[in-house]
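Take a look at the structure set out below.
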């Protein structure tokens, strides 16, 4: 993986569009990039390790042009980060391929091709695709037919785009990884997501698994997995090109942290109708929670922590048992499936492969109904779910999720309240009380942003550390997990999170004067327990950094620093306490001068296993 863009133009140089598309795909995370165009029946290719700006410089120097081309940003899976492994890959100066995903049987195919005399110039699984297409295209076989024969041999997930030096067309295929076709008046394009194409079109077709496409100067054709010509609906995206711009902020992560009050408010109001939670606003279908007696949540990374938080809410408000599973683990173990269980999947992109495959496995295991929480309209997980609850976070560019996480929490809280009402576990008056508190949430989030100056001071101390420990109890334990993850992701400081009560069962061995310990300590019923855990740290010489509420009953002292948010807001407190841990990670990364929006080794949209 990570990003694909391509196009067929009429009397127009496609190169500026390819380069601009690659720049728009930078948010997905990558370590190398490249483009290839067809010019006078010759393949011209530029590749480079590092940022797309380097590709732009090479394009300008070589005055690269062509009306047909494909480009790629690579996040390394097979083979190291170097130019020879960067996409596009070429076979025998004839076939050009870019590819997202992983070809699981590439070693077997590689041996087959080497026996046929093919020489490999990279360590990637992608080069197998290029050579295999060349092998099947010998003679007078059409490029499309060669691609069909090749895909029949591939095992694994992929989105591929192929062109050659004579056919004047691009062939695409999708199996498990996202791929779209963009439509404009005279040109047609392909990309991993709409962000790469907003400068040229907002009309897109979402290819489905098993689909193939042909793009040429006369238009496009789509074929389904049975190789029959088919029509797919054209969608008009509401996303605007200026939403991809940084504006007055230093980083997209900073911008997205500060967009959370609006994102939270938009998500809440999209589900509230006449002052109550409207089940008909969930995926355009009336949702009946009374059909279910348990919930299974499947997610990965940050979304998994949102699921862990939701478990407390569902069991508290709706009195319904909830199991939260890491998607990549769920897929490969034997499970017991209750007959009346709802599967909830959580994914910012709606394309997270582990979560998508876990959903498919859940269906095979006997789960008959599913609900997706995601941020991207018409994404793969949304299309495969019976119900969809879209967050209204807007486009999120930073690799480290911020506003997507808080809007996921809002959506999950709303679902918990809906379950409680429809299963008659809460009264109408209690529902109205919870909704009223929910509508105040945006203001509380805005207040939490005002803690930034104090957090900057902490960041200077943290930046000198190699390790950190995060502690929380109850519903705030997942927020400690999220805080540790954010610090790891963008500052590269090793951080772990534990339930504060588990401190004495092992992690306390790590505590010394050099270990900063971050504590989420709201003024709830567990505060006195948390204070006791803090004393355990102090007694071992550890330094405490405590995120508390304004009405918490303890003060700063030697080796104990306190930053207070607004008064404790009860059951929605985890969302508010997410803001300071995000800001802490961001400002530590600034001090350490890491790449905040594109941290090393990570990708935004994880479409490989």
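In the numbering used here, the protein residues as written are 572 to 1180. We treat Cβ as the ideally placed atom computed from N, Cα and C, and that holds for glycine. Model, not experiment: these values are computed from the prediction.
The beta strand (DSSP E) spanning residue 644 covers which residue range?
-> Taken as a continuous stretch (DSSP letters only), the beta strand (DSSP E) holding residue 644 covers 639-645.
Taking just the CA atoms, how far does residue 959 sit from residue 756?
-> Note on geometry: alpha-carbon atoms of residue 756 and residue 959 lie some 32 angstroms from one another.
Meets three-Cβ-pair contact criterion under 8 angstroms: the stretch 616-634 and the stretch 652-666 = Because the criterion of three Cβ pairs below 8 angstroms is met, the stretch 616-634 and the stretch 652-666 touch.
Any chance you could list the beta strand (DSSP E) runs of at least 3 consecutive residues sitting entirely within the stretch 572-599, in chain order?
-> Unbroken beta strand (DSSP E) stretches of 3 residues or longer found wholly inside the stretch 572-599: 573-579, given in chain order.
If I'm right that residue 580 touches residue 758 with Cβ under 8 angstroms, what's the distance once you round it to whole angstroms?
-> That pair is a contact at about 5 angstroms.
Is residue 905 helix, strand or coil by DSSP?
-> Assigned with DSSP and collapsed to three states, residue 905 falls in coil, not helix or strand.
Using the beta-carbon count (16 or more within 10 Å), is residue 1047 buried or exposed?
-> It counts as buried.
From 1139, 986, 1044, residue whose alpha carbon lies closest to that of residue 884 = When C-alpha distances from residue 884 are compared across 1139, 986, 1044, the shortest belongs to 986.
Through-space distance from residue 913 to residue 906, alpha-carbon basis = So the alpha carbons of these two residues sit roughly 15 angstroms apart.
With 16 other Cβ atoms within 10 Å as the buried cut-off, status of residue 1000 | Exposed, since its Cβ has fewer than 16 Cβ neighbours within 10 Å.
Label residue 791 either buried or exposed according to how many other C-beta atoms from any shown protein chain fall within 10 Å of its C-beta, with 16 as the threshold for buried.
-> Buried, since its Cβ has 16 or more Cβ neighbours within 10 Å.
Please list the segments of the alpha helix (DSSP H) lying wholly inside the stretch 792-839, counting only runs of 4 or more residues, in order along the chain.
-> Listed in chain order, the alpha helix (DSSP H) runs fully inside the stretch 792-839 are 823-829, counting runs of at least 4 residues.
Contact belief for residue 810 with residue 769 at Cβ below 8 angstroms, rounded distance in angstroms = So it is a contact: roughly 6 angstroms between Cβ atoms.
Kindly indicate the opening and closing residues of the alpha helix (DSSP H) around residue 1148.
-> 1144-1163 is the extent of the alpha helix (DSSP H) around residue 1148.
In three-state terms, what does DSSP make of residue 736?
-> In this structure, residue 736 counts as coil in the three-state DSSP scheme.
Could you check where the alpha helix (DSSP H) with residue 1084 kicks off and where it finishes?
-> For residue 1084, there is no enclosing alpha helix (DSSP H), since its DSSP letter is neither H nor E.
If you compare alpha carbons, which of 577, 899, 996 is closest to residue 889?
-> When each option's Cα is compared against that of residue 889, the closest is 996.
Proximity below 8 angstroms, CB of residue 727 to CB of residue 675 | Contact annotation: residue 727 and residue 675 have beta-carbon atoms nearer than 8 angstroms.
Contact the stretch 1075-1086 vs the stretch 1112-1119: 3+ CB pairs below 8 angstroms = These segments touch.
Taking Cβ positions, are residue 592 and residue 642 nearer each other than 8 angstroms?
-> Residue 642 sits close to residue 592, with the two beta carbons spaced by under 8 angstroms.
So what does DSSP say about residue 858, is it helix, strand or coil?
-> Coil, per DSSP.
Please go through the same chain and pick out, in chain order, the residues whose beta-carbon is closer than 6 angstroms to the beta-carbon of residue 993, but skip the five residues on each side of it.
-> The residues are 860, 861.
Which of the three DSSP states, helix, strand or coil, is assigned to residue 1067?
-> It is a strand residue.
Measuring CB to CB, does residue 1143 end up less than 8 angstroms from residue 1022?
-> With contacts defined as CB atoms closer than 8 angstroms, residue 1143 and residue 1022 fail to qualify as a contacting pair.
Where the beta strand (DSSP E) through residue 1120 begins and ends = It spans 1114-1120 - the beta strand (DSSP E) in which residue 1120 sits, taken as one unbroken run.
For residue 1139, which of helix, strand or coil comes out of DSSP?
-> Residue 1139 falls in the coil class under three-state DSSP.
Residue 837 versus residue 961: straight-line alpha-carbon distance, rounded | Spanning the two alpha carbons is a distance of roughly 11 angstroms.
Hey, residue 1019 and residue 1089 are a contact pair by Cβ (cut 8 angstroms); roughly how many whole angstroms apart?
-> At roughly 15 angstroms, the Cβ-Cβ gap does not stay under 8 angstroms, so residue 1019 and residue 1089 are not in contact.
If we count the other Cβ atoms within 10 Å of its Cβ and call it buried at 16 or more, is residue 670 buried or exposed?
-> That one is buried.
According to DSSP, is residue 1060 helix, strand or coil?
-> In the structure shown, residue 1060 adopts helical secondary structure according to DSSP, grouped into three states.
Please report the Cβ distance between residue 1034 and residue 1162, rounded to the nearest whole angstrom; I am assuming they are in contact, meaning their Cβ atoms lie under 8 angstroms.
-> Correct: roughly 4 angstroms between the Cβ atoms.
Backbone secondary structure at residue 660 - three-state DSSP | Residue 660 falls in the strand class under three-state DSSP.
Flag this pair as yes or no: are the beta carbons of residue 970 and residue 598 separated by less than 8 angstroms?
-> Residue 970 is a Cβ neighbour of residue 598, given a cutoff of 8 angstroms.
Hey, residue 976 and residue 1165 are a contact pair by Cβ (cut 8 angstroms); roughly how many whole angstroms apart?
-> So it is not a contact: roughly 20 angstroms between Cβ atoms.
Measure the C-alpha to C-alpha separation of residue 627 and residue 1053 and round it to an integer number of angstroms.
-> Cα to Cα, the separation comes out at about 36 angstroms.
Spatial distance of residue 709 from residue 930 (CA atoms) | One Cα belongs to residue 709, the other to residue 930, and the distance between them is close to 40 angstroms.
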